[in-house]
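Residue numbers (the working numbering): 48 to 463. Using N, Cα and C, we set each Cβ at its ideal position, and we do this for glycine too. On a predicted model such as this, the values are computed, not experimentally measured, just so you know.
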Amino acid sequence: MEVSGKICLHETDAALYQEKEGTYIMDNFTFYAPTYFVFGKDTENETGKYVKKFGGSRVLLHYGGGSAVRSGLLDRVKKSLDKEGLAYVELGGVKPNPRSGLVYEGIDLCRKEKADFILAIGGGSTIDSAKAIAAGAIYDGDFWDYYQGKIVEEALPLGTITTISAAGSEGSPDSVITKEEGMYKRSTTGEALRPKFTIMNPALTETLPPYQTACGITDIIAHLYERYLTNTKEVEVTDRMIEGLLLTMIHEGPRVIADPHNYEARANIMWAGMMAHNNSCGVGRTQDWTSHDIEHELSAEYDCAHGAGLAVVMPAVFTYNLKHNVMRFAQAAVRVWGCEMNFENPEETAKAGIEALRRFLKSIGMPGSLKELGAKEEDIEKMAHTACYGDVRTGTLGGFVELKQKDVENIYRLML
């Protein structure tokens with residue numbers, strides 16, 4: 048059907064497109080994501096070949112707890128390094144919400160052993176810790192400078208073997224570390240931190256407990272929403288990419304929770320997790336990151352799983368920010384969650400989408416309140432203050448809506 052010489056959209060989309068009017072257009076951008084991805088079963092057995100391909104000769108093997116050892120993964124990796132004649136030293140012990148103390152230890156070890164390549168074996172925490180070591184090992188100052196706003200322009204090369212689908216750090220230029228002095232959880236970025244290669248074997252994630260799997264799914268969803276909540280107009284390509292990846296998570300999440308050995312579901316989730324955070328979905332548009340900043344205070348204070356914290360934070364943030372752009376939330380409700388568009392009251396549609404997200408997260412085993420995270424109401428003011436003012440911050444959060452400390456306190460109280 049033609050209207051005024053233009054193709055008429057489905058009437059729901061036509062209503063949604065009303066919010067496109069404005070002066071903001073897609074931003075200029077550059078995008079360079081050179082990570083070499085090796086995807087599929089048994090690909091970890093080729094690790095040594097790829098370390099050598101990207102110039103490594105003396106490798107720091109960085110990993111978390113005992114799972115890499117117990118599963119035999121670490122031995123398989125060492126065998127592949129031995130096959131290529133590569134020297135290596137080990138540094139295990141990465142914990143969820145990785146700490147600065149181990150980063151300093153890794154920097155000293157790299158310098159002592161003259162490591163020229165870092166190999167992270169694990170999930171986002173291990174990869175983020177490896178990135179911090181890679182940056183700090185060749186920097187004259189304190190690596191924490193990078194987590195206070197300095198851009199990483201140079202780092203040791205690193206590769207990753209991904210064992211958890213969640214953070215997307217295997218394809219991103221980002222890293223998040225908790226500084227033990229003050230328990231500040233902060234992030235940094237820089238193209239030098241993108242891994243040279245990433246080995247992605249979905250079968251390595253099959254032994255994860257359902258709770259960890261669900262936390263990873265939640266983190267992926269959060270990375271997509273943080274980009275979807277934008278003030279930039281006319282970004283239909285990336286809107287549709289984000290919506291497609293969200294639909295993938297909605298489809299595959301329940302499948303993998305029901306059957307942990309569903310390789311096909313795990314493969315789709317693993318690739319979606321990388322796509323959600325290598326920023327191919329975020330170019331040319333403003334981004335938010337409010338939910339992450341607010342959650343970081345929870346996981347720093349209570350050491351809860353990042354994904355579990357996000358499950359509680361996201362619906363509260365979205366509800367609080369709803370009126371800033373009702374149609375953006377309504378668009379997600381219709382296109383992603385299948386809600387019916389209420390043309391007379393789009394706010395009702397927007398709220399239905401947020402509620403659909405909340406129900407989905409609960410269905411895969413995620414918490415829904417601060418109490419379930421072990422958080423305390425009396426800590427709210429302190430967490431909000433740290434989020435806004437702690438460690439060189441200047442008082443506001445958010446790329447979608449500018450929030451001050453009282454706003455953040457109100458958002459935390461929505462989670463009670």
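So who's on the other strand from residue i, going by DSSP bridges?
| i | result |
| --- | --- |
| Y83 | F244 |
| E137 | L108 |
| S222 | T235 |
| G206 | L166 and F244 |
| R146 | T225 |
From residue i to residue j, what distance separates their C-alpha atoms?
| i | j | result |
| --- | --- | --- |
| P362 | Y186 | 40 angstroms |
| G188 | S147 | 14 angstroms |
| H324 | L293 | 13 angstroms |
| E253 | K197 | 38 angstroms |
| K370 | A214 | 29 angstroms |
| L444 | A314 | 34 angstroms |
| W384 | A352 | 25 angstroms |
| A182 | P242 | 12 angstroms |
| G263 | R302 | 14 angstroms |
| V284 | Y275 | 11 angstroms |
| E36 | G140 | Only positions 48 to 463 of the chain appear in the structure, and residue 36 is not among them; the question remains open. |
| R405 | V364 | 12 angstroms |
| V124 | Y310 | 21 angstroms |
| Y97 | S216 | 18 angstroms |
| N92 | A177 | 21 angstroms |
| A184 | L461 | 42 angstroms |
| A342 | G132 | The identity of residue 342 in the sequence shown is Glu, whereas the question assumes Ala. One C-alpha to the other measures close to 43 angstroms. |
| K88 | L450 | 45 angstroms |
Suppose contacts are defined by Cβ-Cβ distances below 8 angstroms. Is residue i in contact with residue j by that definition?
| i | j | result |
| --- | --- | --- |
| L120 | I165 | no |
| G329 | T279 | no |
| S222 | L251 | no |
| V455 | A434 | yes |
| A403 | A380 | yes |
| T207 | T260 | no |
| V136 | A179 | no |
| N144 | T225 | yes |
| G169 | Y83 | no |
| L360 | G415 | The sequence as given places Val at residue 360; Leu does not occur at that position. Cβ atoms of V360 and G415: not closer than 8 angstroms. |
| M73 | V373 | no |
| D163 | S127 | no |
Please identify the residue among the options whose C-alpha is closest to the C-alpha of residue i.
| i | options | result |
| --- | --- | --- |
| V85 | G218, R146 and A239 | G218 |
| A134 | L345, E152 and G102 | G102 |
| A506 | K142, D335 and G132 | Limits of the chain in this structure are 48 at one end and 463 at the other, which puts residue 506 out of reach. |
| S23 | T443, L255 and M321 | Past the boundaries of the shown model lies residue 23; the chain is included only from 48 to 463, so the question cannot be answered. |
| F76 | S327, E228, L203 and T277 | S327 |
| I289 | C386, G437 and L271 | L271 |
| T337 | E299, E273, D306 and Y310 | E273 |
| Y258 | S212, E342 and C386 | S212 |
| A202 | K451, A312 and G237 | G237 |
| I304 | T90, Q452, K409 and H343 | K409 |
| V199 | S234, A422 and G112 | S234 |
| Y231 | M247, N457 and W191 | W191 |
| L107 | R117, I174, A80 and K453 | I174 |
Helix, strand or coil for residue i per DSSP?
| i | result |
| --- | --- |
| T70 | Here the model assigns T70 a pLDDT of 43, short of 50, so the residue's position is not dependable and the matter cannot be decided. |
| F407 | helix |
| E299 | helix |
| A167 | strand |
| G412 | coil |
| R375 | helix |
| L276 | coil |
| L369 | helix |
| L128 | helix |
| R332 | coil |
| L255 | coil |
| L463 | coil |
| R534 | Look at the range of the chain in this structure, 48 to 463, and you will see that residue 534 is not part of it. |
| F447 | coil |
| D89 | coil |
| I180 | helix |
| F76 | coil |
| V98 | helix |
With a threshold of 7 angstroms, establish whether the CB of residue i neighbours any heavy atom of the ligand NAP.
| i | result |
| --- | --- |
| N372 | Only the bare structure without any ligand can be found here, which leaves the ligand NAP out of the picture. |
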